[in-house]
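>
Residue numbers (the working numbering): 1 to 319.
1. When DSSP labels each residue in this structure, what does residue 41 get in the three-state scheme?
2. Quick check on the burial criterion: 16 or more other C-beta atoms within 10 angstroms. Buried or exposed for residue 17?
3. How about residue 232 and residue 198: do their beta carbons lie closer than 8 Å?
4. Using DSSP bridges, identify the partner residues of residue 27.
5. CA-CA distance, residue 92 and residue 299?
6. With DSSP run on the structure shown, which of helix, strand or coil describes residue 201?
7. State the Cα-Cα distance for the pair residue 165 and residue 44, rounded to the nearest angstrom.
8. Could you pull the start and end residues of the alpha helix (DSSP H) that residue 142 belongs to?
9. Assuming residue 308 contacts residue 90 (C-beta within less than 8 Å), just tell me the rounded distance between them.
10. From this set, 169, 96, 311 and 304, which residue's C-alpha is nearest residue 22's C-alpha?
11. In angstroms with no decimal places, state the Cα-to-Cα distance between residue 148 and residue 189.
12. Less than 8 Å between the C-beta atoms of residue 102 and residue 78, yes or no?
13. With distances taken from CA atoms, which of 176, 14, 27 and 7 is nearest residue 1?
14. Out of 24, 15 and 58, point me to the one whose CA is closest to residue 35's CA.
15. Could you name the residues that DSSP lists as bridge partners for residue 285?
16. Rounding to the nearest angstrom, what Cα-Cα distance links residue 65 and residue 240 in this structure?
17. So, under 8 Å CB-CB, residue 12 and residue 25 are touching, yes? Tell me the CB distance rounded to an integer number of Å.
18. Mind checking who residue 91 pairs with in its DSSP beta bridge?
19. Check whether the stretch 255–265 and the stretch 284–291 are in contact - that is, three or more C-beta pairs closer than 8 Å.
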């Protein structure tokens with residue numbers, strides 16, 4: 001009988017139903033697990049369900065009963081997949097569940113920033129409308145998205161969904177994606193995307209090649225003072241450089257849903273950015289509509305049942 005240990009159940013909302021697998025099993029669930037608690041909790045597990053708890057080579061080497069690591073997310077950075085594969089332990093993940101929620105959150109940020117929704121709301125509450133003594137007032141810039149260029153880094157499912165929404169708003173869309181085939185329509189160089197876009201949104205993985213891709217050098221090449229949106233991974237943007245870019249007017253606004261580490265330190269660049277009136281920061285919840293979370297939970301258990309049935313699904317390459 002399998003022993004299934006859930007290391008961080010609190011990374012899925014409490015109202016989301018995580019069904020129990022159909023095969024005989026023991027289920028042990030923990031709200032969250034610190035690094036010092038992993039070994040004691042996972043020592044007898046045959047299947048680990050995990051989202052963000054680090055499982056490195058030294059830990060995996062001490063888990064001789066482990067047969068499967070089921071990640072309750074798409075990203076698998078928390079697992080040393082090569083070490084797991086060397087022990088014959090596959091890692092499986094969740095795919096395709098966020099194709100509505102992340103693009104919608106992306107556009108919620110983009111629209112809010114383009115129309116200065118947050119600062120105008122704050123000023124209404126502060127009494128600025130009464131002080132203006134007329135039917136409206138103009139203290140923050142408002143720009144239309146129609147006719148402007150949206151540069152999308154990453155032409156996968158999420159980037160493509162964002163492009164569809166952008167086109168419905170009348171935006172010109174270009175992509176940068178090193179994995180795209182040469183000559184693919186709408187794909188441009190990263191330099192061209194940076195230099196010509198009025199808004200830039202990131203939908204790519206964090207790799208050695210993409211880490212820090214938006215840094216001071218990139219910001220200084222931006223000719224249209226773009227709005228920057230990041231719902232992908234925190235390490236893609238050098239946040240201290242973004243502070244300078246906002247101060248110098250190289251970037252007009254930013255919407256950030258991710259950072260490194262998470263949660264951010266109180267004195268971090270992310271938290272300083274969050275206090276600006278032309279920045280909106282959200283706590284890594286672009287993926288987290290209730291519909292998407294339920295789809296994630298269902299796929300998570302499907303992956304486990306498929307593995308036990310001998311037809312594993314969503315196995316992640318160790319490379």
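Using N, Cα and C, we set each Cβ at its ideal position, and we do this for glycine too.
Since we're looking at a predicted model, the values are computed, not measured.
Based on what the coordinates show:
1. Here residue 41 is taken as the residue at index 41 of the chain shown, counted from 1. The DSSP-derived three-state label of residue 41 is helix.
2. Along the chain shown, read from residue 1 onward, the residue named residue 17 stands at position 17. Exposed is the label assigned to residue 17, since fewer than 16 other Cβ atoms lie within 10 Å of its Cβ.
3. On the chain shown, residue 232 is found 232 positions in, with the first residue counted as 1. On the chain shown, residue 198 is found 198 positions in, with the first residue counted as 1. It is not a contact, given that the beta carbons lie outside the stated cut-off.
4. In the chain shown, the residue the question calls residue 27 occupies position 27. DSSP, once it has assigned bridges, lists 4 as partnering residue 27.
5. Counting from 1 along the chain shown, the entry for residue 92 is found at position 92. Counting from 1 along the chain shown, the entry for residue 299 is found at position 299. Cα to Cα, residue 92 sits roughly 10 Å from residue 299.
6. In the chain shown, the residue the question calls residue 201 occupies position 201. Annotated three-state conformation of residue 201 is strand, per DSSP.
7. Translated into the one-based positions of the chain shown, residue 165 becomes position 165. Translated into the one-based positions of the chain shown, residue 44 becomes position 44. Those two C-alpha atoms are separated by around 47 Å.
8. As a working mapping, residue 142 is identified with position 142 in the chain shown. Where residue 142 is concerned, there is no enclosing alpha helix (DSSP H), given that its DSSP letter is neither H nor E.
9. On the chain shown, position 308 is the one that residue 308 refers to. On the chain shown, position 90 is the one that residue 90 refers to. In this structure residue 308 is not in contact with residue 90, their Cβ atoms being roughly 12 Å apart against a cut-off of 8 Å.
10. What you label residue 22 is simply residue 22 of the chain shown in a count that begins at 1. Of 169, 96, 311 and 304, the smallest CA-CA separation from residue 22 is found for 304.
11. Your numbering for residue 148 matches position 148 in the chain shown. Your numbering for residue 189 matches position 189 in the chain shown. Straight-line spacing of the CA atoms in residue 148 and residue 189 works out to 18 Å.
12. For this step, residue 102 is matched to residue 102 along the chain shown. For this step, residue 78 is matched to residue 78 along the chain shown. Annotated as distal: residue 102 and residue 78, with beta-carbon spacing of 8 Å or more.
13. By one-based count along the chain shown, residue 1 stands at place 1. Residue 1 has its Cα closest to that of 27, out of 176, 14, 27 and 7.
14. Here residue 35 is taken as the residue at index 35 of the chain shown, counted from 1. Nearest C-alpha to residue 35: 58.
15. Walking along the chain shown from the start, residue 285 turns up at place 285. In DSSP, residue 285 forms no bridge with anything.
16. In the chain shown, residue 65 corresponds to position 65, counting from 1. In the chain shown, residue 240 corresponds to position 240, counting from 1. So the alpha carbons of these two residues sit roughly 44 Å apart.
17. In the chain shown, the residue the question calls residue 12 occupies position 12. In the chain shown, the residue the question calls residue 25 occupies position 25. Contact between residue 12 and residue 25 is ruled out by a C-beta separation of about 19 Å, above the 8 Å threshold.
18. Taking the chain shown and counting its residues from 1, one reaches residue 91 at position 91. Answer is 69, bridged to residue 91.
19. These segments touch.
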